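Okay, so the sequence shown: first residue is 211 according to the working numbering, each after it adds one.
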Amino acid sequence: MLNFPIKWGPDPLFFEIGILKLGWYGLFFAGGIAVGYRLMETAFKKKGYPEEYFHQLALYVILGIIIGARVGHCVFYDWAYFSQHPWEIFLPVKFEPQLAFIGFRGLASHGGAVGVASALYGFYRRTQGKVSMPFVLDQLARIAPIPCASIRLGNLMNSEIIGLPTEVPWAFVFTRIDEVPRHPAQLYEAFAYVMGFFLLRWVYHKSLHRYPLSTFALMLIYMFSARFILEFFKENQMAFESMLPLNMGQLLSLPFILVGATLWVYARRTKLQT
């Protein structure tokens with residue numbers, strides 16, 4: 211039986227054997243991508259596209275997620291440091307004050323979204339339009355909430371992206387941080403994304419399959435609106451955010467919501483041919 215507030219402070223490492231280490235975050239990150247991979251593969255097979263196109267898409271998207279998320283974090287949240295240490299953006303080592311292996315600390319979901327957009331453009335150019343991009347975007351939209359929810363569970367295991375202090379009975383005390391009861395903001399966000407997964411699947415089969423790009427548009431609106439709202443329950447990740455009218459996560463979410471709303475209007479008025 212749970213005692214509230216919940217004391218939370220698990221070891222971020224899932225296992226460690228010699229120099230081989232696997233963290234909970236990496237496990238959830240890889241697991242979410244693996245589930246998305248299988249779902250997308252099934253969609254491609256049903257559509258009848260050659261298997262080689264799916265493998266190309268998967269490679270482009272996975273690289274886009276990782277590279278975009280890493281660069282996004284470095285640029286959006288800590289450019290003052292990484293502009294002076296550019297090699298640390300892509301190398302898992304720290305050179306100052308002495309050489310040390312630190313892994314990759316810091317990924318930004320908004321950067322991952324930009325990375326995926328760039329990857330999809332590269333995929334489109336490579337396949338020369340032989341794969342319908344509205345189809346790809348709508349299928350990715352139905353899958354995206356799963357890896358996003360999985361990543362937030364990884365954040366929970368790392369006791370990072372913590373919530374603001376609260377007196378709600380379901381509060382978590384992140385003992386690796388302090389002894390203050392806080393909103394489990396990671397769980398809020400993971401739950402919102404899981405609900406988005408089922409909502410998008412239901413609406414797609416109900417009506418949106420007749421309007422290509424509508425599912426993608428709805429995903430952008432839903433996912434980034436949820437992110438915008440839930441940021442009000444979180445501590446700022448960087449000190450400079452306290453000087454902004456909204457925190458960085460909220461400011462970066464607004465353009466995606468606007469793009470989603472524009473695409474929604476366009477897709478509902480124009481039945482595109484896939």
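Think of the CB as a built atom: it goes at the ideal place given N, C-alpha and C, for glycine as much as any other residue.
The structure presented is a predicted model; accordingly, all values stated were derived computationally and were not measured.
Three or more Cβ pairs closer than 8 Å define a contact, and the region 376-390 falls short of that threshold against the region 245-258. Taken atom to atom, the span from the alpha-carbon of S360 to that of M453 is near 31 Å. For secondary structure counted as the beta strand (DSSP E) over 3 or more consecutive residues, the region 372-427 holds these complete runs in sequence order: 382-384. Secondary structure of E370 (DSSP, three-state): coil. Ranked by Cα distance from G246, the first of L223, F407, W234, L230 is F407. For the pair of segments examined, the region 319-327 was found to touch the region 459-471: the number of CB pairs separated by less than 8 Å reaches three. Excluding the 5 residues flanking it on each side, G219 has same chain C-beta neighbours closer than 6 Å at T385, R386, in chain order. With 16 or more other Cβ atoms from the protein chains shown falling within 10 Å of its own Cβ, R392 counts as buried.
Contact between the region 355-372 and the region 394-413 is present: 3 or more CB-CB pairs across the two stretches fall below 8 Å. For G233, the secondary structure class from DSSP, reduced to helix, strand or coil, is strand. Assignment of E226 by DSSP, reduced to helix, strand and coil, places it in the strand class. Annotated three-state conformation of K444 is strand, per DSSP. In this chain, the beta strand (DSSP E) harbouring K217 covers 216-218. In the DSSP assignment, Y287 falls outside any alpha helix (DSSP H), carrying neither H nor E. A residue is called buried when at least 16 other Cβ atoms come within 10 angstroms of its Cβ; R248 does not meet this threshold and is exposed. According to the DSSP assignment, L473 belongs to the alpha helix (DSSP H) that extends over 458-479.
The C-beta distance from A354 to M429 rounds to 6 Å, short enough to fall under 8 Å. Counting along the chain, M343 sits inside the alpha helix (DSSP H) bounded by residues 343-353. Closest in C-alpha terms to G364, from the list G236, I431, D221, comes G236. In terms of Cβ geometry, V346 and L330 form a close pair [threshold 8 Å]. Taking 8 Å as the upper bound for CB-CB distance, F214 and L267 are not in contact here, some 45 Å apart. DSSP places P357 in the helix class (H, G or I) of the three-state scheme. With fewer than 16 other Cβ atoms from the protein chains shown falling within 10 Å of its own Cβ, G339 counts as exposed. Inter-residue distance for Y263 and W474 is about 27 Å (C-alpha atoms, whole angstroms). By alpha-carbon distance to N457, the top candidate from R437, Y398, T472, A427 is R437.
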